[in-house]
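Numbering (the numbering used here), first residue to last: 7 to 94.
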């Protein structure tokens, strides 16, 4: 399988991976936002997702993994803004 070498496709892949994590971990996300420990609760899932992401993209496309990190913020954090939390 050829590696993804387009920034747009790399970002789509990152969003897809994080969307899947969000879909299957709603309780962890809710608890993590409420208790300000979302990254601890999702450590395993986010690491697995990152490994998949890295295996599918050309490293030169996203050297700092910015697309993956942006997808985490856009999908896990921003979309959880309705959850009552002391972090906002």
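Every residue, glycine too, gets a C-beta built ideally from N, C-alpha and C.
Could you check the C-alpha separation between residue 42 and residue 51 for me, to the nearest Å? Here the question's residue 42 lines up with position 36 in the chain shown. Here the question's residue 51 lines up with position 45 in the chain shown. For residue 42 and residue 51, the distance between alpha carbons rounds to 17 Å.
Beta-carbon gap between residue 91 and residue 34 smaller than 8 Å: As a working note, residue 91 is residue 85 in the chain shown. As a working note, residue 34 is residue 28 in the chain shown. Not in contact: residue 91 and residue 34 (Cβ atoms no closer than 8 Å).
Residues that residue 63 bridges to, as DSSP identifies them: As a working mapping, residue 63 is identified with position 57 in the chain shown. Answer by DSSP bridge pairing, in chain order: 10.
Which one of 61, 71, 28 and 16 has the shortest CA to CA distance from residue 48? Start at 1 with the first residue of the chain shown, and residue 48 comes out as number 42. The residue among 61, 71, 28 and 16 with its C-alpha nearest the C-alpha of residue 48 is 28.
Have a look at 71, 37, 31 and 32 and flag the residue whose alpha-carbon is nearest the alpha-carbon of residue 19. Numbered from its first residue, the chain shown carries residue 19 at position 13. Minimum Cα distance to residue 19 is reached at 71.
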